[in-house]
Every structure is written in structure tokens, then in C-alpha cells.
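Note sheet for the following structure.
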Amino acid sequence: MHQSIEVDEKIFQDAVKFYGTVFNLPPLASKIYSYLLFDYEKAGITFDEFVEVLSASKSSVSTSISLLLNAQLIIDHNKMDERKRYFFINDEYKKIRFEKIVQKMEDELKLLDDLNNFKKNHDNQYNERIEAYKALLHKNIENIQESLNKL
């Protein structure tokens, strides 16, 4: 088995399980993503290396790579004088991921406001809980955006 990078089997298995769950990835896509985490030199991994190292069919690897590219989890590059594509972890993804989280929280805030404006009866205890929840959402949005500016 030809491997261009050194991989720790236990960390690899832990990463496959973790990222499969967090990103809701099928097993092979999670393996490809996890394998790329070990490319510390950012040399890039070729399609053929994934097929060989992960003992997977070309069509399965192709499908998984397409899924990861569409999800913006990985990126690809062609080197100047080669036809081969090299795949890398998308370092921007951490930022993209949290921008999506912020967007979901902002969407929920708008929905809560719309529901509250529509509601006929005004139960004070319910309103207090909703206001506390909205304050939590606002605080998290601020914290995430502050951290995103540092990324």
C-alpha cells in the first residue's frame, strides 16, 4: 500500500466516527475527509491514492469526493504540469460552518418574533422564557461573530 502521508490508525478511526456524525457523512466520505486531516504538509492527496489506501471502488470514491466538494468540506487543485487533481481540507470551512450556524440562529430569532407578533394571548411566564431564549441566541451570535473575525 503506497501512502504519501503518515496516519495514526486510532486517531483516524476516531475522526471517521466524529466527522461522520458532525457533518452527517456516509462512511467513505468521512474516511476521505479524515484521511485529508493527516496531510499536514498540504501536499494534496490524489484520487488514485484514495482508491488504493481506502480500498474503495473508483465510482464510490468519485461520489464521495463530489459530496465533499459540494459541501465545501474539501477543495481541489491541479498542479501546473499535471492532469491529476489534488484534494485538500478546505480551511475556510470552519468559517463557513459557523456562518451557517449564525444564519440559522438569526432565522430562528425572526421566526420567534413573527410567532410572537401573531399570538393573540400574552402569557407573561411564556414571554419571559422566550425573551431569555432570544437573549441566549443574540449572545451566541455575537460571540461567534467576534470569533469569526479572528479566524
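Residue numbers for the sequence shown follow our numbering, so the first one is 1 and each next one is one higher. Backbone N, C-alpha and C fix where the C-beta goes; we use that ideal spot for every residue, glycine too.
- In this structure, the alpha-carbon of Phe118 lies about 41 Å from that of Pro26.
- Secondary structure at Asp114: helix, using DSSP grouped into helix, strand and coil.
- Residue burial is scored here from C-beta neighbours: Val22 has fewer than 16 other C-beta atoms within 10 angstroms and is therefore classed as exposed.
- The three-state reading of DSSP puts Tyr40 in coil, since its state is none of H, G, I, E or B.
- Listed in chain order, the non-local C-beta contacts of Met105 below 7 Å within the same chain comprise Leu137, Asn140 and Ile141, local neighbours out to five positions each way being set aside.
- A distance below 8 Å between beta-carbons, with the five flanking residues on each side excluded, links Leu111 to no residue of its chain.
- Contact between Glu82 and Phe38 does not hold, since the beta-carbon distance rounds to 22 Å and is not under 8 Å.
- In this structure, Lys95 lies away from Leu54, with their beta-carbon atoms at least 7 Å apart.
- For His122, the secondary structure class from DSSP, reduced to helix, strand or coil, is coil.
- Counting along the chain, the unbroken alpha helix (DSSP H) around Ile65 starts and ends at Lys58 to Asn70.
- Scanning Phe12, Leu109 and Asp14 for the CA closest to the CA of Lys134 turns up Leu109.
- Under the DSSP assignment, Phe87 falls in the beta strand (DSSP E) whose first and last residues are Arg85 to Ile89.
- For Tyr40, the closest of Ser147, Ile101 and Ile89 by C-alpha to C-alpha distance is Ile89.
- The alpha-carbon separation between Asp114 and Asp123 amounts to approximately 16 Å.
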